[in-house]
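What follows is a set of notes on a single structure, which appears directly below.
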Amino acid sequence: SKAPVITVDGPGGAGKGTITQMLARKLGWHLLDSGALYRLTALAAMRQGVSLEDETGLVTVAATLDVEFEPGEVGQPVRVLLAGEEVTSEIRTEACGNNASKVAVMQPVRDALLQRQRDFQKAPGVVADGRDMGTVVFPDAPVKIFLTASAEERARRRYNQLKEAGVDVSIDAVLDEIRVRDDRDMNRSAAPLKPADDAQVIDSTGLSIEEVLDRCMAAAGQA
Ligand code: C5P
631 SKAPVITVDG PGGAGKGTIT QMLARKLGWH LLDSGALYRL TALAAMRQGV SLEDETGLVT
691 VAATLDVEFE PGEVGQPVRV LLAGEEVTSE IRTEACGNNA SKVAVMQPVR DALLQRQRDF
751 QKAPGVVADG RDMGTVVFPD APVKIFLTAS AEERARRRYN QLKEAGVDVS IDAVLDEIRV
811 RDDRDMNRSA APLKPADDAQ VIDSTGLSIE EVLDRCMAAA GQA
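Just so we're on the same page, this note's numbering is the position in the sequence shown counted from 1, plus 630.
Given below as structure tokens:
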């Protein structure tokens, strides 16, 4: 019998990263940040001089990604190493997220990353964060959550994060980028972003992190 999986899918900025880290820590389970794999594929491609339009080249990059995830201290993000070099903050930039969503439309690139994602299913369990965790990667997961929030709320959260980090942007620019990325993720033919038929939808608009975590834990109670 296989280890249990809780999938958490949804659009960018809905709070999946924070919530899945808290869930995994609370349960003592592994964490799969599938978005990081797409971000790393885009970053590794740029470093290796592979164009984001070169599908064959991107498949090779994805298939040979040399990546390590090191759990950080409590409250600290998971450290991400690409070919031994720390890229934790580098993969979080808007540019990298945008490039990730471009490579993620290519089905062969997704195929190249599929087994690597499924390998995270280990005892005692895994919390899987992404866009297609419940629909494609772990279709048999006993608990599926679709975590969403209005585009305006997601833009506000992202804007506040950026401001705190000292980045000078306008909230309208952030909202525009969110809309462009949502559109690309939802309207692609390969594993489009949508709730699995058996997913529980949680809308985090107006909720605190604690309230969202409580709702996710209640949903996870069925794992
Ligand atoms: O979640 P994150 O913002 O890190 O994901 C970056 C991009 O990677 C997303 O916009 C999406 O296009 C892609 N992605 C995906 N499937 C996943 C996770 C991420 O297509 N399971």
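Note that CB positions come from ideal geometry on N, CA and C, so glycine has one too. All values reported here derive from a predicted model rather than from experimental measurement.
Can you check DSSP and say which residues form a bridge with GLU804?
Within the sequence shown, the letter at position 174 stands for residue 804. A small correction: the amino acid at residue 804 is Val; Glu does not occupy that position in the sequence shown. Looking at the DSSP assignment, VAL804 forms no beta bridge with any residue, so it has no partner.
Assuming ALA826 contacts THR765 under a Cβ cut-off of 8 Å, what Cβ separation, rounded to an integer in Å, is found between them?
Position 196 of the sequence shown, counting from 1, holds the residue named residue 826. Position 135 of the sequence shown, counting from 1, holds the residue named residue 765. Between THR765 and ALA826 the Cβ distance is about 5 Å, and since that is below 8 Å, they are a contact.
Determine, using beta carbons only, whether GLY755 and ALA666 come nearer to each other than 9 Å.
Looking up residue 755 in the sequence shown gives position 125. Looking up residue 666 in the sequence shown gives position 36. Contact: no.
Considering Cα atoms alone, identify which of GLY727, ALA730 and ALA829 is closest to PHE776.
Here residue 776 corresponds to residue number 146 of the sequence shown, with the count starting at 1. Nearest C-alpha to PHE776: ALA829.
Inspect the CB distances between the region 781 to 798 and the region 637 to 656 and report whether three or more fall short of 8 Å.
yes
With a cut-off of 8 Å on the beta carbons, I'd call THR650 and VAL757 a contact; round off their distance for me.
Looking up residue 650 in the sequence shown gives position 20. Looking up residue 757 in the sequence shown gives position 127. Sure, about 5 Å apart at Cβ, within 8 Å.
Cβ shell of THR835 (< 6 Å), same chain only, five flanking positions each side left out:
Here the question's residue 835 lines up with position 205 in the sequence shown. So the qualifying residues of the chain are ALA779, SER780 and GLU783.
Helix or strand or just coil, what does DSSP make of GLN791?
Within the sequence shown, residue 791 is the residue found at index 161, counting from 1. Three-state result, GLN791: helix.
List the endpoints of the continuous alpha helix (DSSP H) containing ARG761.
Counting from 1 along the sequence shown, the entry for residue 761 is found at position 131. Taken as a continuous stretch (DSSP letters only), ARG761 belongs to no alpha helix (DSSP H), as it is neither H nor E.
beta-carbon VAL767 near ligand 1 non-hydrogen atom, thresh 8 Å
Here residue 767 refers to the residue found at position 137 when the sequence shown is read from its first residue. Result yes, Cβ under 8 Å from ligand 1.
Let me know the secondary structure DSSP gives LEU695 once reduced to three states.
By 1-based counting over the sequence shown, the position of residue 695 is 65. Looking at LEU695 - three-state DSSP - the assignment turns out to be coil, as it is neither helix nor strand.
Can you round the beta-carbon distance between ASP759 and VAL638 to whole angstroms, since I take them to be within the 8 Å contact cut?
Here the question's residue 759 lines up with position 129 in the sequence shown. Here the question's residue 638 lines up with position 8 in the sequence shown. At roughly 5 Å, the Cβ-Cβ gap stays under 8 Å, so ASP759 and VAL638 are in contact.
Between ALA693, GLY727, ALA675 and HIS660, which lies nearest to GLY702 when the distance is taken from Cα to Cα?
In the sequence shown, the residue the question calls residue 702 occupies position 72. Minimum Cα distance to GLY702 is reached at HIS660.
Using the Cβ count rule (16 or more neighbours within 10 Å means buried), how would you classify ALA675?
In the sequence shown, counting from the first residue as 1, residue 675 sits at position 45. Result: buried.
Is GLN830 helix, strand or coil by DSSP?
The residue given as residue 830 occupies position 200 in the sequence shown. Residue state, collapsed to three classes: strand.
At a cut-off of 8 Å, would you count ASP844 as near ligand 1, judging by its Cβ distance to the nearest heavy atom?
Position 214 of the sequence shown holds residue 844. No, since every heavy atom of ligand 1 falls outside the 8 Å radius drawn around the Cβ of ASP844.
DSSP state of LYS923, grouped into three classes?
The chain is shown only over 631 to 853; residue 923 falls outside these bounds and no answer can be derived.
Tell me where the alpha helix (DSSP H) around LEU823 begins and ends.
Sequence index remark: in the sequence shown, residue 823 carries index 193 (1-based). Run containing LEU823: none; DSSP gives neither H nor E here.
What are the start and end residues of the beta strand (DSSP E) that includes VAL638?
On the sequence shown, position 8 is the one that residue 638 refers to. Its beta strand (DSSP E) spans residues 635 to 639.
What residue range is occupied by the uninterrupted beta strand (DSSP E) comprising ASP663?
Here residue 663 is taken as the residue at index 33 of the sequence shown, counted from 1. First-last of the beta strand (DSSP E) with ASP663: 660 to 663.
CB contact flag (ASP815, LEU805, <9 Å):
Residue numbering aside, residue 815 sits at position 185 when the sequence shown is read from its first letter. Residue numbering aside, residue 805 sits at position 175 when the sequence shown is read from its first letter. No. Outside cutoff.
Could you tell me whether the Cβ atoms of ASN729 and ALA693 are closer together than 9 Å?
Stepping through the sequence shown from its first residue, residue 729 is reached at position 99. Stepping through the sequence shown from its first residue, residue 693 is reached at position 63. In this structure, ALA693 does not lie closer than 9 Å to ASN729 by Cβ.
Using a Cβ-Cβ cutoff of less than 8 Å, which residues in the same chain neighbour ILE832 once the five nearest sequence positions on both sides are dropped?
Here residue 832 is taken as the residue at index 202 of the sequence shown, counted from 1. These residues qualify, in order along the chain: ILE775, PHE776, LEU777, THR778, VAL842, ARG845, CYS846 and ALA849.
Could you tell me whether any non-hydrogen atom of ligand 1 is closer than 8 Å to the CB of ALA854?
What is shown of the chain runs 631 to 853, which leaves residue 854 out entirely.
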